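Colleague: The sequence shown maps to residues 666 to 981 in our numbering. Right, I'll just put the structure down here and ask away after.
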Amino acid sequence: MANYQPAVSIGIPVYNGENYLSKALDSLLNQTFTDFELIISDNASSDRTQAICLEYAAKDARIRYYRNDSNLGAADNYNRVFELSSGKYFKWAAHDDTCAPDYLEKCVEVLENNSDVVLAYPKAYLINEQDQITGIYTENIPITASKPHQRLYQLLETYGWFHGTQAFGLFRRNELAKTVLIGKYPQADRVLLAEVALLGKFAEVPEYLFYRRNHPKISQRANPNDESLSAWYDPKNKGKIMLPQWKRYSEYFHIISRTKLSWDEKILAYLQLSRRMCLSPGFRKRVNSIKEDLGKATKLFVMNLSRTNLTSSNSQ
């Protein structure tokens, strides 16, 4: 059945995920909703990730395993599993998180019954390395307004306590395909969700069906500064002059310009974004962050220029 299109595509981008990968796969393969494909993109792992994936793929025909020749970075690997998918709905799944058995069933039901909803997700628990519940994510983002600029406002108002669990929810694939997916800079998932909010409503399933794992090797803890996190998104960023704050805010403006909206909606969306940036309590902090980015970039530029001049002098 080469032309078979599953209802749901699940994409797992993974790099050296041997510690928790089996638990993630078990939780997905044991879903009560079974009409899905599971696409794994292995980012040239050096541990047992490949062996684990091949073992599971041999047992379940719904699994499609791909391995990159080299590490593409997190952004390209996340985007690759989407590009390989064909389902009506799409979900990213991290190798270290797990889902309750009725996760897909409940989210598919929401999307099937609400044509104006583009993203469905459940409430989430926080778990540790031993699968013990250590807390809950209290974020409740009511992205339910009828107008795109109003939904953008609703999302931007959650900026201070946004954790990004919605990015692991269930999307309408055709709507997600209209976005630029995951960018190659820190917190690109925030920008993606803002772009999705311009396309339609979000809906939260009022049950705790998602388990987000917190451990020392998650990207935020393993990459404690913007420089290392930028390289995690794209290895080519290593050693480059990066302006992550500047990049992120410029992308917020870009998503408005590239989304198909009426001119009045675009103007209102620009105004909402400008208002949020300028009037929010954290504006001064963000301005200072951008200044710090510029300062770091200037120092790096001077250092690189000095090295270039020194090399040139030594070669003469």
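Built from N, CA and C at the ideal position, the CB exists for glycine as well. Just so it is clear, the structure is predicted and the values come from calculations on it, not from any experiment.
For LYS912 and TYR850, which I take to be in contact (beta-carbon distance under 8 Å), what is that distance rounded to the nearest angstrom?
Modeller: The residue you call residue 912 lines up with position 247 of the sequence shown. The residue you call residue 850 lines up with position 185 of the sequence shown. Indeed, because the Cβ distance is near 5 Å, the residues count as touching under 8 Å.
Colleague: How big is the Cα-Cα spacing for GLU916 and LYS724?
Modeller: What you label residue 916 is simply residue 251 of the sequence shown in a count that begins at 1. What you label residue 724 is simply residue 59 of the sequence shown in a count that begins at 1. About 42 Å.
Colleague: Considering ALA868, what are the terminal residues of the alpha helix (DSSP H) in which it resides?
Modeller: Start at 1 with the first residue of the sequence shown, and residue 868 comes out as number 203. Run containing ALA868: none in the alpha helix (DSSP H); it sits in the beta strand (DSSP E), 866-878.
Colleague: Under 7 Å between the Cβ atoms of THR763 and TYR873?
Modeller: Here residue 763 refers to the residue found at position 98 of the sequence shown. Here residue 873 refers to the residue found at position 208 of the sequence shown. Going by C-beta atoms, THR763 is not nearer than 7 Å to TYR873.
Colleague: Using a 10 Å radius around the Cβ and a threshold of 16 neighbouring Cβ atoms, would you call GLN696 buried or exposed?
Modeller: Position 31 of the sequence shown, counted from the start, is the residue given in the question as residue 696. Classification for GLN696: buried.
Colleague: Starting from the C-beta of ALA785, find all residues in its chain whose C-beta is less than 7 Å away, skip the five residues before and the five after it, and write them out in chain order.
Modeller: Counted from its first residue, the sequence shown places residue 785 at position 120. Excluding positions up to five away in sequence, the list reads CYS772, VAL775, LEU776, GLY834, LEU835, ALA868, VAL870.
Colleague: Considering only residues of the same chain and omitting the five flanking positions on each side of TYR810, which have a CB-CB separation below 8 Å?
Modeller: Numbered from 1 along the sequence shown, position 145 holds the residue referred to as residue 810. For the record, residue 810 in the displayed sequence is Ala; it is not Tyr. The answer, listed in chain order, is ARG816, TYR818, GLN819, LYS866.
Colleague: According to the neighbour-count rule (16 or more other Cβ atoms, all chains shown, within 10 Å of its Cβ), is TRP826 buried or exposed?
Modeller: Walking along the sequence shown from the start, residue 826 turns up at place 161. Low local confidence applies: a pLDDT of 49 at TRP826 is under 50, so the model's placement there is unreliable, with the coordinate-based value given in what follows. TRP826 comes out exposed.
Colleague: What's the gap between the Cα of ASN779 and the Cα of LYS905?
Modeller: Against the sequence shown, residue 779 aligns to sequence position 114. Against the sequence shown, residue 905 aligns to sequence position 240. Distance between the alpha carbons of ASN779 and LYS905: 45 Å.
Colleague: Cβ of GLU822 versus every heavy atom of the ligand FMN: is any distance shorter than 6 Å?
Modeller: The ligand content of the structure shown is nil, which means the ligand FMN is not present either.
Colleague: Could you tell me if GLN795 is buried or exposed, where buried requires 16 or more neighbouring beta carbons within 10 angstroms of its beta carbon?
Modeller: As a position in the sequence shown, residue 795 is number 130, starting the count at 1. GLN795 comes out exposed.
Colleague: Hey, how far is the Cα of ALA726 from the Cα of GLY676?
Modeller: Here residue 726 refers to the residue found at position 61 when the sequence shown is read from its first residue. Here residue 676 refers to the residue found at position 11 when the sequence shown is read from its first residue. Distance between the alpha carbons of ALA726 and GLY676 is about 15 Å.
Colleague: Could you give the DSSP three-state label for LYS714: helix, strand or coil?
Modeller: One-based indexing of the sequence shown puts residue 714 at position 49. According to the sequence provided, residue 714 is Thr. The question's Lys does not apply to it. THR714 carries a helical assignment under DSSP once its states are collapsed to helix, strand and coil.
Colleague: Can you name the residues that DSSP bridges to ALA789?
Modeller: Stepping through the sequence shown from its first residue, residue 789 is reached at position 124. Per DSSP, TYR802, PHE875.
Colleague: What residue range does the alpha helix (DSSP H) around LEU776 cover?
Modeller: Indexing the sequence shown from 1 puts residue 776 at position 111. 768-778 is the span of the alpha helix (DSSP H), which, as asked, contains LEU776.
Colleague: Indicate whether ALA709 and SER735 have their beta-carbon atoms separated by less than 7 Å.
Modeller: Counting from 1 along the sequence shown, the entry for residue 709 is found at position 44. Counting from 1 along the sequence shown, the entry for residue 735 is found at position 70. By the CB criterion at 7 Å, ALA709 and SER735 fall inside the cutoff.
Colleague: Out of ARG878, TRP897, PRO813, which one is the CA nearest neighbour of GLN852?
Modeller: For the purposes of this step, residue 852 is taken as residue 187 along the sequence shown, with counting starting at 1. Per the Cα distances, TRP897.
Colleague: Can you tell me where the alpha helix (DSSP H) holding PHE755 begins and where it ends?
Modeller: Reading the sequence shown from its first residue, position 90 is the one you call residue 755. Careful: PHE755 lies outside any alpha helix (DSSP H), inside the beta strand (DSSP E) at 754-757.
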